[in-house]
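Trainee: Dumping the structure here so I can ask a few things about it.
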Amino acid sequence: MTPAASARRPDTVRVLALQRNGDRVDLLRIDRSASDDADDARGLRPGTELNQAVARAESDAPIWVWDDTARWYPHLLRAGVRVRRAGDLRLRRQILRRSPAVPVGLLDGVDAARWDALAPASDDAAALFDLHEQDAPLDIRAEWIRQNAALAAVADPEAQRRLRLLLTAESSGALVAAELSHVGLPVRADEHARLLRDTIGERPLSAASRPSALDRLIPPLRAALGSPDVNPDVPAQVLAALRRAGLDVTDTRSWTLSQLDHPAIPLLLEYKRLARLASANGWRWLDTWVHDGRYRPTYLPGGVVTGRWAAQGGGALSYPAGLRSAVRADPGWTFLVADVAQLEPRVLAGMSRDLAMAEAAGDSDLYQGLVDRGAVQTRDDAKLAMLGAMYGATSGESGRLVARLTELFPLAFGFVEQAAKAGERGEVVQTFLGRASPAPDGFWTAPLSDLPTDGEARLRERRKWGRFTRNFVVQGTGAEWASCWMATLRNLLWELSEREDLPPRLEQRPHLAFFLHDEIVVHAPQGVAGAVAEAVDEAAATATRLVFGRFPVRLPLKTVQVDSWADA
DNA sequence: GATGCTAGCGCC
DNA sequence: AAAGGGCGCTAGCATC
């Protein structure tokens, strides 16, 4: 803990709001214990004046409450102002208004509809200064009070504790997200370009032509298919050509093609592989998304219904494994890359309170743990069964294995089964911390005349929604654990930097550089790598305790120190 | 010229 | 040997 943070007891925590006031900004103390408005600063000019006011107030370690972290925090970060804590009213409201535990109506009030409709600020350069173009400013204090009243009204104390934790983690996640975009992921553009040259050949001179390696594949491919004009970039043409060549296919997916025996298939698969690379992460990707050695996507905490993060800009969350060798730590710096082995099965053990499965999860490899306990024959079987349980496989080998493990772990497997059944009935399900699934739409609410008439089709729709709710509870709780992990780690890294007396700015200190559902990349000066690795582990242990309390489930990390992401 | 759609594939 | 959840993004094509 920093001196400022530890000196201040919880009951004296200040809650400060940033609120638009015309083309100026008011900094207001909004906690109810405030006896006067001595801390208020009104009419601050966006820019230096505002940034300095925030930096001064930050010395008391307040909670910053604002409509949307993405609107305010990027500006502060660019000015070198880092804040410890935040309450993101947009994200909090999104969770609260869906929660069945929150009494209906408590979030009503002035501007409720506008709060509900709030979209994340996207263009952070313009967002703050465009504020004056909006309607009247949203009342930050009123919404903060409404939300806290809604939280306080959650009847069950444990449910309330979890929901509070979720809101805190979500708000911290918003801080992490802004910081990730601010610092960026270190990418060596020259190395990325070299990988492209080695695989797809020379960059074409015009956007209309193909990279050389793709170009060279065209003549043999056309010859093998016996279709001299086929454009392999057009699935419909490929499909027609395949059928002319006598192959009985209905789509051109790689997996489908790989089952066929025909001389054109290897060429086609190779073409598809390289074409994908060229279009998704080729030179244009490099030009567009990598600047000054950094890749900076926009992260959207809670951007996925389950609570997972979404990301925009260059397909951040599907960064191809084959290009990760271009992701290199700066000179004198290193990466700590950590991922959770089998996050979702472990989370399932925790949320279902399945002691037998938690015991199997005591091993660092849960799948092997299932084999060692005689549950299944092979590790692949264990994996198949777990994935089947979480995604809703019913048939074939996977379905059989699910049935087998259901006997051994009735609590865990019963838990997802109940979530699926609830979904099939059209009910809302919740994650462990209390994020609720959306109510089903379409076929449940549509007029009867719009519904598929035959019972078979209706049943398929219901099963489909059941598979969604089945997965929702697990995927969503996994995301909650990951948010708690990152929020804790963010704090530990800052405390570590203070202790080590590192330079003041975030980019000069060890920081999170990338996040991928159950994996993080921390960029750190080599001198503190050991301490950072310990912090990564400690944060995971804290997250597990925060979410699951004393229930004995383990979420072990695989943490490595590497100079290139590819070596993780 | 902008927008919406499908097919397909990368990641977890 | 194949199927089950969540995404973002691209090319090509159709439509406004």
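Under the numbering used here, the residue at position 380 of the first sequence is numbered 658, and the numbers go up by one with no gaps. Cβ coordinates follow ideal geometry from the N, Cα and C atoms, glycine included.
Any idea if E421 is buried or exposed, counting beta-carbon neighbours within 10 angstroms, 16 or more meaning buried?
Mentor: Under this definition E421 is a buried residue.
Trainee: In chain order, which alpha helix (DSSP H) runs of at least 4 residues are fully inside the region 385-463?
Mentor: If we require 4 residues or more, the alpha helix (DSSP H) runs fully inside the region 385-463 come out as 390-395, 402-405, 418-430, 435-461.
Trainee: For the alpha helix (DSSP H) that contains N329, what are its first and last residues?
Mentor: Element bounds for N329: 326-336.
Trainee: Should the region 435-451 be called in touch with the region 365-374, which here means at least 3 C-beta pairs below 8 Å?
Mentor: Yes, they touch.
Trainee: Go to W533, then tell me how far its beta strand (DSSP E) extends in each direction, as first and last residue.
Mentor: Note, W533: premise wrong, no beta strand (DSSP E); alpha helix (DSSP H) at 532-536.
Trainee: Quick one: is G325 buried, meaning 16 or more other Cβ sit within 10 Å of its Cβ, or exposed?
Mentor: Exposed: under 16 other Cβ atoms inside 10 Å.
Trainee: Please classify L711: does DSSP put it in a helix, a strand, or coil?
Mentor: L711: coil per DSSP, three-state reduction.
Trainee: Kindly indicate which residue of V825, L790, F826 has the alpha-carbon position closest to the one of A813.
Mentor: Of the candidates V825, L790, F826, the one whose C-alpha sits nearest the C-alpha of A813 is L790.
Trainee: Using the Cα positions of L535 and P497, report the straight-line distance between them to the nearest angstrom.
Mentor: Distance between the alpha carbons of L535 and P497 is about 19 Å.
Trainee: State the DSSP-derived secondary structure class of L483, mapped to helix, strand or coil.
Mentor: Reduced to three states, the DSSP call for L483 is coil.
Trainee: Can you give me the C-alpha to C-alpha distance between K699 and D386, rounded to a whole angstrom?
Mentor: Roughly 32 Å separates the two Cα atoms.
Trainee: Rounded C-beta distance between I308 and I418? I'm assuming under 8 Å.
Mentor: Correct: roughly 7 Å between the Cβ atoms.
Trainee: Looking only at its own chain, which residues have a Cβ that is under 6 Å from the Cβ of G647, when we skip the five neighbours before and after it?
Mentor: Only A638, D641 meet the Cβ criterion.
Trainee: Just to confirm the assignment, what range does the beta strand (DSSP E) spanning Y577 have?
Mentor: Run containing Y577: 576-578, per the beta strand (DSSP E) assignment.
Trainee: From the DSSP output, in three-state form, read off E778 for me.
Mentor: Coil at E778, not helix or strand.
Trainee: Note the first and the last residue of the continuous alpha helix (DSSP H) segment covering L662.
Mentor: Taken as a continuous stretch (DSSP letters only), the alpha helix (DSSP H) holding L662 covers 657-669.
Trainee: Between A636, G652, R703, R657, which has its C-alpha nearest Y645's C-alpha?
Mentor: Considering only alpha carbons, the answer is R657.
Trainee: What three-state label does DSSP hand H789 in the structure shown?
Mentor: If DSSP states are grouped into helix, strand and coil, H789 belongs with the strands.
Trainee: Can you name the start and end residues of the alpha helix (DSSP H) that P352 belongs to?
Mentor: Start and end: 347-356.
Trainee: Relative to the C-alpha of L441, which residue among G712, A471, V799 is closest?
Mentor: Here the closest residue by C-alpha is G712.
Trainee: Can you name, in chain order, every residue of its own chain whose Cβ lies under 7 Å from the Cβ of R488, other than the five neighbours on each side?
Mentor: Excluding residues within five positions, the ones whose Cβ falls inside 7 Å are P482.
Trainee: In its own chain, which residues sit with a C-beta less than 6 Å from the C-beta of A588, not counting the 5 before and 5 after it?
Mentor: L578, G581, V582.
Trainee: Report buried or exposed for S400, applying the criterion of at least 16 other Cβ atoms within 10 angstroms of its Cβ.
Mentor: S400 is exposed by the Cβ-count criterion.
Trainee: Suppose you measure from the CA of V806 to the CA of L614; what does that come to, to the nearest Å?
Mentor: Approximately 11 Å between the Cα atoms of the pair.
Trainee: Quick one: complete alpha helix (DSSP H) runs, 4+ long, within the region 538-588?
Mentor: Complete alpha helix (DSSP H) runs here, min 4: 542-559, 561-567.
Trainee: For the region 675-686 against the region 649-666, are there 3 or more C-beta pairs whose distance is under 8 Å?
Mentor: Yes: at least three Cβ pairs fall under 8 Å.
Trainee: Any contact of the region 543-555 with the region 503-513, i.e. 3+ C-beta pairs under 8 Å?
Mentor: The region 543-555, when compared against the region 503-513, does touch it at the 8 Å Cβ threshold.
Trainee: Just list the residues that DSSP pairs H470 with in beta bridges.
Mentor: Its beta-bridge partners do not exist; DSSP assigns none.
Trainee: Opposite P803 in the DSSP bridges: which residues?
Mentor: Bridge partners of P803: W611.
Trainee: Identify whether L794 lies in helix, strand or coil by the three-state DSSP scheme.
Mentor: DSSP places L794 in coil when its eight states are reduced to three.
Trainee: Once DSSP output is grouped into helix, strand and coil, what is the label at R832?
Mentor: Three-state result, R832: coil.
Trainee: Strictly by DSSP, which residues pair up with T837?
Mentor: BP columns for T837 point to A616.
Trainee: Excluding sequence positions up to five away, which residues of its chain have a Cβ less than 8 Å from the Cβ of L473?
Mentor: Excluding positions up to five away in sequence, the list reads G600, L601, S603, A604.
Trainee: Classify R302 as helix, strand or coil using the three-state DSSP reduction.
Mentor: Note: R302 maps to strand in three-state DSSP.
Trainee: Report yes or no: do three or more beta-carbon pairs, one from the region 452-470 and one from the region 346-362, lie closer than 8 Å?
Mentor: The region 452-470, when compared against the region 346-362, does touch it at the 8 Å Cβ threshold.
Trainee: Could you work out which residue in G628, A818, E778 is closest to A802 when comparing CA atoms only?
Mentor: Measuring from the Cα of A802, the nearest candidate turns out to be E778.
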